[in-house]
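Mind the numbering: the sequence shown is residues 10 to 384 in my numbering, read in order. Positions of the beta carbon are idealized from the N, C-alpha and C atoms, including for glycine.
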Amino acid sequence: MRQAIDNLQISGDGPFTGRCQQLLEENVGCSRALLTTSCTDALEMAALLLDIQPGDEVIVPSFTFVSTANAFALRGAKPVFIDIRPDTLNLNEKALERLITPRTKAIVPVHYAGVGCEMDSILEIASRHGVAVVEDNAHGLFGRYRGKNLGTFGQLATLSFHETKNISCGEGGALLINDLKHLERAEVFRSKGTNRNRFVRGQVDKYTWVNLGSSFLPSDLLAAFLCAQLEAREDIQNRRERIWHSYHAHLKAWSCEHGVGLPLVPPHCNQAFHMFYLILPCLQDRQALIQHLLKSGISAVFHYVPLHLSDMGQRLGGFAGQCPVTEDISDRLLRLPFFNDLAQSQQDAVVDALLEFDGWTKQPEFARGTGSASF
Ligand SMILES: Cc1ncc(COP(=O)(O)O)c(C=O)c1O
């Protein structure tokens, strides 16, 4: 960041932005990467690039962050909510085809917790219906599906560098472009509707307003912060891998005993080690466990509230029972503390507190356990 200041260029598209984009292109394998101010903005750019119009439909999981749906709804599209698989918590590809209509413009798979969606089926269905795929890869940087990096399957993909992510600059994101037909318009949308990028490359002698656009370009100061983390990616990922496996090893027997589900990573997926979650037998157990952990000063948090049941989701026609797996998992999922410098002693304290919990409500018929893998 000192270097960025000394460069006397802290606005966007400076040397650190270029270096981050290059690192992403080389290590993810996308054709081009454009840093953005957030994953939300990258998704909004995707909606602009696909020319989403009022009346279009975009299929999104209900179990995701608001932005996955909002970015497309902002352009007038109707989000069509799809339920998730009970094992990976990714969108249920078997439910996909029946949601496609002549108005469907895009499918937005979210690689939940950095574990790849079933991309073979999703891409096959999308291509048969001529529908675009935009991967919301907010969680899955450096994850792989059948040996191929997440973020390289859709014609577009998005990343998040929000502070909750493995690699972060506080607020930030990237648009990954795999189909280069989108590149020039993407640069214009990102640079306030101007052809500034072409001007900087010497392709035009002045820059001007050429299309609609906005300002999706982060400061080079933020890019410098991000760059240091991208350069340290192996160390960061190794630390997180160790934390994830330590949770798994220490909680496996306990989870079987109490019917608690642990994350499932199919053998054909290399996960991104973004999250470690538990699926408790019921909502009461989850809430009691949150309170129990808080007494030891441990903050463990639930995750997405089903989008189809949100205020906005209901205004769009969402109703209880529409995505039953999402509704169930949303009540029972708990994320354990998981950050890059989580010390072994802190992790031990979390595990000890979990093993001490004795506030179970016995409802074994709802227990998921760890043996429910269907791969
Ligand atoms: C799946 C998913 N998509 C999009 C976002 C939005 O990311 P950002 O905060 O970078 O806009 C998040 C945020 O956590 C997310 O979890």
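Would DSSP call residue i helix, strand or coil?
i	result
Y2	Given that the chain is displayed from residue 10 to residue 384, the structure contains no residue 2 and the question cannot be resolved.
W369	coil
S169	strand
T46	coil
F81	helix
F162	coil
L287	strand
S383	The predicted position of S383 is uncertain, since its pLDDT is 38 and thus under 50; no value can be drawn from it.
E180	coil
D357	helix
A141	strand
C278	strand
I93	strand
R134	Residue identity differs from the one stated: residue 134 is Ile in this sequence, not Arg. Helix at I134.
G8	Outside the shown range of the chain, which is 10 to 384, sits residue 8, and nothing can be said about it.
D114	One detail in the question is off: residue 114 reads as Lys in this sequence, not Asp. It is a strand residue.
P346	coil
K201	coil
Y154	strand
P88	strand
L100	strand
S224	strand
I19	coil
V69	strand
L185	strand
Residue i: buried (16+ other C-beta within 10 angstroms of its C-beta) or exposed?
i	result
A237	exposed
D214	exposed
P63	exposed
K157	exposed
K103	exposed
P88	buried
E35	exposed
D357	exposed
W218	exposed
E106	exposed
P290	buried
A13	buried
R155	exposed
G401	The chain is shown only over 10 to 384; residue 401 falls outside these bounds and no answer can be derived.
K174	buried
Q280	buried
D22	buried
R199	buried
T110	exposed
N101	buried
L189	exposed
E172	exposed
Within the present structure, is the beta-carbon of residue i separated from the nearest heavy atom of ligand 1 by less than 7 Å?
i	result
C291	no
S224	no
A122	no
H283	no
G182	yes
D188	no
A166	no
D2	Any property of residue 2 remains undetermined from this structure, which presents the chain solely from 10 to 384.
H171	yes
S76	yes
C56	According to the sequence provided, residue 56 is Ala. The question's Cys does not apply to it. No, the beta carbon of A56 sits no closer than 7 Å to any heavy atom of ligand 1.
S47	yes
Report the option in the options whose CA atom is closest to the CA atom of residue i.
i	options	result
T73	H148, E365 and R248	H148
H257	V89, S169, R41 and P272	P272
C332	A141, P95 and H277	P95
I176	A195, A232, E193 and S130	A232
V143	H171, L58 and H267	L58
S136	F162, R153 and D65	F162
D50	A362, V359, I19 and A166	A166
W241	L32, P70, G330 and N99	One point to set straight first is that residue 241 is Ala, not Trp, in the sequence displayed. Ranking the options by Cα distance to A241, first place goes to L32.
G278	A55, G23, V124 and E336	First, the residue type needs correcting, since residue 278 is Cys and not Gly in the sequence shown. Nearest of A55, G23, V124 and E336 to C278, Cα basis: V124.
R112	Q212, V140 and G182	V140
I93	E365, L343, S223 and E336	E336
P276	F151, T97 and L364	T97
R396	R324, E365, L184 and F347	Beyond the ends of the chain as shown, which are 10 and 384, falls residue 396; an answer cannot be given.
R389	L325, Y313, Q293 and Q323	A question about residue 389 goes unanswered here, because the residues of the chain that appear run from 10 up to 384.
Please list, in chain order, all residues of the same chain as residue i whose beta carbon is under 6 Å from its beta carbon, the five residues on each side excluded.
i	result
L46	Sequence check: residue 46 is Thr here, not Leu. So the list reads F225 and P227, once near-sequence residues are dropped.
C178	F170, L231, F234 and L235
M128	Y154 and F162
A56	A80, F81 and R84
N8	No answer is possible for residue 8: it lies beyond the span of the chain, which begins at 10 and ends at 384.
For residue i, collect the residues of the same chain with a Cβ closer than 8 Å to its Cβ; drop the 5 residues on either side in sequence, then sort them by chain order.
i	result
I61	V67, F81, R84, G85, A86, K114 and A115
Report all residues from its chain with a CB closer than 7 Å to the CB of residue i; omit the five preceding and five following residues, and keep chain order.
i	result
G327	F90, H317 and L318
L108	I68, V89 and I91
R28	C236
H2	Not covered by the structure: residue 2. The range shown for the chain is 10 to 384.
Using 7 Å as the cut-off, classify the Cβ of residue i as near or not near the heavy atoms of ligand 2, replying yes or no.
i	result
T370	You won't find ligand 2 in this model; what it holds is ligand 1.
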